[in-house]
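Everything below concerns the one structure shown next.
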Amino acid sequence: MVSLTQVLSSNARIPQELPSNMVAVFAGATTGIGLATLKAFVKYAVSPRIYFLARNTTAAELIVSQCQTLNPSSSFSVLKADLSSVRETSRACEVIKSKETGVNLVVLSMGEVRMDRALSEEGLHLFMATVYYNRILIPSLLLPQLTHASLTTPLARVLDVAGGTKEGPVDTSDLACLRVPVGQIRAHLTSMHTLALESLADQAPSCEVCAWGGGGGWSGVGDGVEGGQPTEEVRRSVYSVDWDGEGPGGRVMELLKKLRKKGVKEAVWEHTNGEFERIRSGRKL
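Next up, the structure:
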């Protein structure tokens, strides 16, 4: 278990070991773990530039004022976006891409628990739209910026606050999660996260991805994957990490290995990008 003392010690080294003017993107930081992580990053980083994606810009601006009290050298751009919408999320990312050649940190924690099967205007399960699809879309669109940061600075990381280490069976006949029983959604969804992030990392192996299983009050930035375990022995850049910094057990590692062998990783990636293309083209289900 990674102790709080280790996390705080690591964070305290940020001003000396990481560069000034780092660029970070936070999606879902108006409450909870995302907010705690944002404040921790702002507290320790030197003159960070932060893009804050939020539907409620009033709440976001209040948080910005609190953060700038913590660190007057920080600068913020609040981008209004409904993070259940692929189109709006894409537009926000295009703004970032037009202004930045490099992005050091992407923190994804948006979403809320929904027990219904309501669909978004774009035809996605509303819960999945926010908690899965747009969490994959953002780093996918910002991949050139993350890659640039990985080659020119010590930090290029995606932190996906989801269900890391809780991976389970995937229903390949219902990747959109329109019929998966409620009790099986977390396992299905978490495996989709991990496999999609692995596909993303295949395109940028110098970047680091942490699929973190939130559930506690963790607010570290500097060593969030310390003590974790890469999801594949051949790749050192994708980690599935629990709330205590520990990686998945043998059961999950074996399950992921079997899913990859069956081609589920490729099926998830093809499905995810297929939905993005469908929505961009305006096609209906």
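The sequence shown maps to residues -18 to 266 in my numbering. We put the beta carbon where it would ideally sit given N, CA and C, even for glycine. Computed from a prediction, not measured in an experiment: that's the story for all the values here.
Length of the line joining the Cα atoms of residue i and residue j
i: A5; j: E75; result: 15 Å
i: T146; j: Q47; result: 33 Å
i: S172; j: A182; result: 15 Å
i: R259; j: A110; result: 14 Å
i: V27; j: P162; result: 46 Å
i: E179; j: A8; result: 20 Å
i: E251; j: L170; result: 16 Å
i: S(-9); j: A99; result: 42 Å
i: R116; j: Q(-3); result: 30 Å
i: D63; j: Q126; result: 22 Å
i: L267; j: S101; result: Nothing about residue 267 can be read from this structure; the chain reaches only from -18 to 266.
i: V84; j: M91; result: 19 Å
Where the beta strand (DSSP E) through residue i begins and ends
i: D141; result: R138 to A143
Residues that residue i bridges to, as DSSP identifies them
i: R30; result: V4 and S56
Simplified DSSP assignment, three categories, for residue i
i: E102; result: coil
i: C48; result: helix
i: E227; result: coil
i: K61; result: strand
i: A35; result: strand
i: S218; result: strand
i: D86; result: Here residue 86 turns out to be Leu, not Asp, going by the sequence shown. It is a strand residue.
i: C191; result: strand
i: W199; result: Low local confidence applies: a pLDDT of 27 at W199 is under 50, so the model's placement there is unreliable, with the coordinate-based value given in what follows. Coil, per DSSP.
i: D155; result: helix
Proximity winner among the options, relative to residue i (alpha-carbon distances)
i: A73; options: H252, R160 and L60; result: L60
i: M3; options: L86, V67, S187 and S(-16); result: L86
i: E148; options: F108, L105 and G231; result: G231
i: A248; options: P(-4), P120, K78 and H174; result: H174
i: G226; options: Q126, V245 and G144; result: G144
i: L107; options: L136, C158, D152 and F33; result: C158
i: S56; options: T39, R36, Y32 and A40; result: Y32
i: V151; options: R241, E102 and L124; result: R241
i: T11; options: L(-11), C191 and L43; result: L43
i: E189; options: A168, S218 and Q165; result: S218
i: G263; options: V84, S187, S66 and H129; result: S66
Range of the contiguous alpha helix (DSSP H) that encloses residue i
i: T171; result: I166 to Q184
i: G15; result: G13 to Y25
i: L132; result: L124 to T133
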